[in-house]
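Below is one structure; the comments refer to it alone.
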Amino acid sequence: MSHATTTPGVQELPTPAPAAPKGSLSSRSLPRFAPLTFAVVAVALGVGIGLAAGWQSRVQWGLISALLFLAISYVATSVVENQRQARDRLATSLVWVCFLLAVVPLASLLWTTVSRGSERLDGYFLTHSMAGVLGPEASGGVYHALIGTLEQVGIATLISAPLGLLTAVYLVEYGKGGLARAVTFFVDVMTGIPSIVAGLFILSIMLIAGLEPSGLMGSLALTILMIPVVVRSTEEMLKLVPNELREASLALGIPKWRTILKVVLPTAIGGIATGVMLAVARIAGETAPIILLVFGSQLINTNPFEGAQSSLPFYIYEQYKIGEAASYDRAWAAALVLIAFVMILNLVARGIARWKAPKAGR
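Heads up: the sequence shown begins at 1 in UniProt numbering, then just goes up one per residue.
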């Protein structure tokens with residue numbers, strides 16, 4: 001049987017107490033579910049205060065609940081933990097509140113569009129035009145506007161994607177000196193151009209050249225809006241390509257143009273395709289250039305180079321302007337189609353980005 005021995009003259013250190021389990025109050029730390037509890041308590045108090053004060057607006061209830069959530073989070077963390085953790089939790093709570101304040105209007109808009117648009121959206125609506133249909137009538141569809149949107153956006157993409165790609169390649173790989181600075185400046189200026197200005201620019205060319213309204217004219221205005229988005233997104237993707245890949249290719253004696261074509265662009269193709277898709281989604285909902293340059297039509301016109309056409313944004317504006325119950329239903333259904341179109345483009349962009357993303361090595 002062994003006995004513990006101590007050296008004479010040396011004071012024995014006290015044995016440290018076992019650490020308290022994480023999350024308990026004795027460890028001065030709130031449990032992980034504390035933010036959710038604070039949110040529930042804040043919502044309950046906010047609704048109660050709103051009802052007691054006689055406020056009928058749920059927006060007021062939400063604002064009161066948000067303020068109470070911030071106050072409860074800060075005070076509870078200060079009492080249980082410390083001031084540093086309280087400030088950190090206050091900042092985190094403020095971020096969550098701002099996020100919810102931004103998401104709630106979007107969710108409300110999406111819910112309203114889906115609930116109102118789904119009542120009228122069916123196969124008949126997607127396969128018929130407004131030819132011979134009066135505003136108060138409940139018949140008619142969006143087929144002619146859908147065809148116009150696909151053609152106008154498609155032509156704009158065919159023009160903008162190559163121009164934006166070549167411009168971005170020049171700025172990243174070759175751009176030096178005054179010309180590169182001028183191109184960068186004009187791209188920045190074009191990024192902030194309102195859509196109505198782009199439409200007026202093409203309209204002035206139409207009046208000078210004596211051209212008639214057509215889907216092509218609308219596509220040219222959309223091209224002006226799309227090019228800077230493609231240039232900026234492509235430029236950022238090309239900058240993300242490691243320089244080591246370029247240097248390794250050039251060290252093998254491969255010309256620079258071939259390095260760009262075979263090494264740089266394939267590496268960044270996923271991000272480039274995503275940027276192009278997002279640019280397409282950005283121009284798909286433009287209305288002002290279409291009103292000025294396409295003029296709208298109730299008939300199906302599959303030729304974008306001749307005659308007036310319609311589009312989904314113009315169709316929504318047109319039906320809302322009629323002011324009848326049936327036209328409102330058609331406008332909501334067309335808005336739902338447009339949202340679905342943009343959502344599909346975003347999903348395609350994400351799919352391409354995931355498909356072309358660099359594979360992680362083992």
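Glycine is no exception: its CB is placed at the ideal position from the N, C-alpha and C atoms.
Notebook entry, point to check: Under three-state DSSP, which class holds residue 352?
Noted result: helix
Next item on the list: Measure how close the beta-carbons of residue 183 and residue 238 come, nearest whole angstrom, since I'm counting them as under 8 Å.
Entry: Residue 183 to residue 238, Cβ: 14 Å. No contact.
Check: If you count every other CB in all the chains shown that lies within 10 Å of the CB of residue 101, and 16 or more means buried, which is it?
Finding: exposed
Next item on the list: Flag this pair as yes or no: are the beta carbons of residue 220 and residue 193 separated by less than 8 Å?
Entry: no
Margin query: To the nearest angstrom, how far is the alpha carbon of residue 323 from that of residue 33?
Written below: Residue 323 and residue 33: Cα-Cα distance of roughly 50 Å.
Next item on the list: Check whether the Cβ atoms of residue 141 and residue 127 lie closer than 8 Å to each other.
Entry: yes
Next item on the list: Quick one: using the 10 Å Cβ neighbour count with 16 as the cut-off for buried, is residue 120 buried or exposed?
Entry: With 16 or more other Cβ atoms inside 10 Å of its own Cβ, residue 120 counts as buried.
Next item on the list: Kindly indicate which three-state DSSP category residue 344 falls into: helix, strand or coil?
Entry: Helix.
Checklist line | Stretch pair the region 149-156 + the region 219-233: three plus CB contacts closer than 8 Å | finding: yes
Notebook entry, point to check: If residue 286 and residue 225 are in contact, beta carbons under 8 Å, what's the gap, nearest whole angstrom?
Noted result: 7 Å
Notebook entry, point to check: Once you ignore the five residues that flank residue 368 on each side, which residues in its own chain have a CB closer than 7 Å to its CB?
Noted result: In the structure as shown, the chain starts at 1 and stops at 362, and residue 368 therefore has no counterpart that could be examined.
Notebook entry, point to check: Out of 241, 297, 178, which has the shortest C-alpha to C-alpha gap to residue 272?
Noted result: 241
Note to self: Comparing C-alpha positions only, which one of 344, 342, 343, 337 sits nearest to residue 145?
What the structure shows: 337
Checklist line | Start-to-end residues for the alpha helix (DSSP H) that takes in residue 233 | finding: Taken as a continuous stretch (DSSP letters only), the alpha helix (DSSP H) holding residue 233 covers 215-239.
Next item on the list: Sort out for me which residues DSSP pairs residue 295 with in a bridge.
Entry: 309
Margin query: With H, G and I counted as helix, E and B as strand and the rest as coil, what does DSSP make of residue 242?
Written below: Three-state result, residue 242: coil.
Notebook entry, point to check: Tell me which same chain residues have a C-beta within less than 8 Å of the C-beta of residue 291, skipping the five on either side of it?
Noted result: Contacts found: 199, 314, 317.
Note to self: So, at 6 Å on beta carbons, what are the nonlocal neighbours of residue 329 in its own chain, with the 5 sequence-adjacent residues on each side left out?
What the structure shows: Closer than 6 Å at Cβ, skipping near neighbours: 120.
Checklist line | Residues near residue 346 in its chain [Cβ-Cβ closer than 8 Å; skip 5 each side] | finding: 277, 278, 281
Note to self: Just to confirm, is the Cβ distance from residue 89 to residue 73 under 8 Å?
What the structure shows: Contact flag set, yes.
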